[in-house]
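Everything on this sheet refers to the single structure shown next.
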Amino acid sequence: MVRISPRHVDSSPARFRTEPIAVRSSPRPCRERVVRAKYLASLLLILVINGCAPIWEDESGWDPEQRVELYTRLGLEYMAQNRLASALEAMNDALAVAPDDSTANHAMALLKMRLGETSDAKTHFDQALVSDPGNVGARNDYGSYLCEQGKWTGGAKQFETARDDPFNTEPYVSQYGLGVCLIGAGEFRAAQEQFRAALVAEPKSTPVLYQSARASFKLEEYFSARAFLERMFGAGGVTADSLLLAVRTERKLGADDLAKEYAARLRSAYPGSEQVEQLNVLMSRGDDG
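When you line the sequence shown up against my numbering, it's residues 4 to 292, in that order.
Written as C-alpha cells, this is what we have:
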C-alpha cells in the first residue's frame, strides 16, 4: 500500500504537513513485500525518467493492486516535481484500474486541491473515506480541506475522528490540524489545548510552536506567545509570519527595542514580502497591532 509522503503535499506552516501519513501494511509476507517494494521503486524511477512509459504492460504477473500502487506512486512523484498534468494522467490511470481505491482517491483529492478543483477534491475525499474509514491521513487532509472552506464544524469533526482512532499512530498530527481549525473558528482556548497535547509528542515541531504562539497572542497571553516563539526560533523555525508575530508580541509587552530587532530581521530576510508590507502598516500606525 502506498504511503503518502509529506513532500507530496502543501508544507506551509498553516497546515501540518511535516509528518508522513500512516497506511495499514499489506498482509503479504514480509520478504515478499520488501522484494516487491524494491522492484516497484526501481520501476517507478524508470517510469519517471522515461516520461511515464507504460512499461508494466509488458510485465507478466502484474495484478490490479500492483498497478494501482505503481500509478499512485508515480502520480505523487510528479506532484512533488510540480508536474501536475503528468500527475493527473498517472492518477487517472490508477483510478481506471480501481475507482474505489482509498489511497488513490486520497492522492487524487490532494491533486485536485492543488489544481483548485475543490468540488472534485471533496468527491475524492468522500470516496477515500467510504472505501476505508480508517484512512487517517485522508481524514486529516479532508479536515484541512473543510476548514479552509470555512466549514469549521465539519473540519473539526474529521480531525476529532482521526485523533480518536485507536489505530492512529500519530495523533498529534490530528491534534495540530484540529487546533488550526479551532483558531479559524475563533475558539482560541480550545485550540491552545490541542497544541499543548501535540507538543507533548513533538516538543520541537516548529509549525505547532508557531500556532501555539498565535493562540496565546489571540488570548492576550503575550508572555506565553513570546515563549513559544523563542522555542520556535531556537529550533530553527524562523519564518516571515513568525517574525511578524514576534514584532507584534514584543510591542504588546512594551519591548520596543526587541520589536525593532525582529522587524529588521523580517525586512532583511524577506524583502518585498506580504509580511513586510503588513509590518510597514503596523509600524506607521504607532499602535501595538
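Just so it is clear, CB atoms sit at the ideal spot from N, CA and C, and this is done for glycine as well.
Q: Check the C-beta distance from alanine 204 over to tyrosine 175 and give it rounded, since I have them as a contact under 8 Å.
A: The residue given as residue 204 occupies position 201 in the sequence shown. The residue given as residue 175 occupies position 172 in the sequence shown. Yes, they are in contact, since the Cβ atoms of alanine 204 and tyrosine 175 sit about 4 Å apart, within 8 Å.
Q. So, using beta-carbon positions, are valine 250 and leucine 269 closer together than 8 Å?
A. Locating residue 250 in the sequence shown gives position 247, where the first residue counts as 1. Locating residue 269 in the sequence shown gives position 266, where the first residue counts as 1. Going by C-beta atoms, valine 250 is nearer than 8 Å to leucine 269.
Q: May I have the straight-line CA-CA distance separating glycine 157 from aspartate 260, to the nearest angstrom?
A: Position 154 of the sequence shown, counted from the start, is the residue given in the question as residue 157. Position 257 of the sequence shown, counted from the start, is the residue given in the question as residue 260. Rounded to the nearest whole angstrom, the C-alpha separation of glycine 157 and aspartate 260 is 43 Å.
(Q) Please classify glycine 180 as buried or exposed, where buried requires at least 16 neighbouring CB atoms within 10 angstroms. (A) Indexing the sequence shown from 1 puts residue 180 at position 177. Burial call: buried.
Q: Let me know if arginine 229 comes out buried or exposed under the rule of 16 or more other beta-carbons within 10 Å of its beta-carbon.
A: In the sequence shown, counting from the first residue as 1, residue 229 sits at position 226. When all chains shown are included, arginine 229 counts as buried.
Q. In angstroms, rounded to a whole number, what distance separates the CA positions of proline 218 and leucine 232?
A. Numbered from its first residue, the sequence shown carries residue 218 at position 215. Numbered from its first residue, the sequence shown carries residue 232 at position 229. It is alanine, not proline, that sits at residue 218 in the sequence shown. Approximately 12 Å, taken between the alpha carbons.
Q. When we look at the beta-carbon of asparagine 138 and count the other beta-carbons within 10 Å, is it buried (16 or more) or exposed?
A. If you number the sequence shown from 1, residue 138 lands on position 135. Asparagine 138 is buried by the Cβ-count criterion.
Q.
Judging by CA-CA distance, which residue of Phe220, Ser271, Gln278 is the nearest neighbour of glutamate 253?
A. On the sequence shown, position 250 is the one that residue 253 refers to. Per the Cα distances, Phe220.
Q. Secondary structure at tyrosine 273, three-state DSSP: helix, strand or coil?
A. Translated into the one-based positions of the sequence shown, residue 273 becomes position 270. Tyrosine 273: coil per DSSP, three-state reduction.
Q: Can you say whether arginine 288 is buried or exposed, counting buried as having 16 or more other CB atoms within 10 angstroms of its CB?
A: Start at 1 with the first residue of the sequence shown, and residue 288 comes out as number 285. A residue is called buried when at least 16 other Cβ atoms come within 10 angstroms of its Cβ; arginine 288 does not meet this threshold and is exposed.
Q.
Could you tell me the alpha carbon to alpha carbon distance between phenylalanine 198 and valine 183, rounded to whole angstroms?
A. Along the sequence shown, one-based indexing puts residue 198 at 195. Along the sequence shown, one-based indexing puts residue 183 at 180. Distance between the alpha carbons of phenylalanine 198 and valine 183 is about 9 Å.
(Q) Which runs of the alpha helix (DSSP H) at least 4 residues long sit entirely within the segment 207 to 247? Give them in chain order. (A) Listed in chain order, they are 209 to 221, 225 to 237.
Q) In three-state terms, what does DSSP make of leucine 256? A) In the sequence shown, residue 256 corresponds to position 253, counting from 1. In this structure, leucine 256 counts as coil in the three-state DSSP scheme.
Q: Ignore the nearest five residues each way along the sequence and tell me which others in glutamate 280's own chain have a CB closer than 6 Å to its CB.
A: Sequence index remark: in the sequence shown, residue 280 carries index 277 (1-based). Residues of the same chain with a CB within less than 6 Å of the CB of glutamate 280, apart from the 5 flanking positions on each side, do not exist.
Q | phenylalanine 191, enclosing alpha helix (DSSP H) - first and last residue | A | Working through the sequence shown from its first residue, we reach residue 191 at position 188. Counting along the chain, the alpha helix (DSSP H) containing phenylalanine 191 begins and ends at 191 to 204.
Q. Once you ignore the five residues that flank alanine 193 on each side, which residues in its own chain have a CB closer than 7 Å to its CB?
A. Translated into the one-based positions of the sequence shown, residue 193 becomes position 190. Around alanine 193: Leu185.
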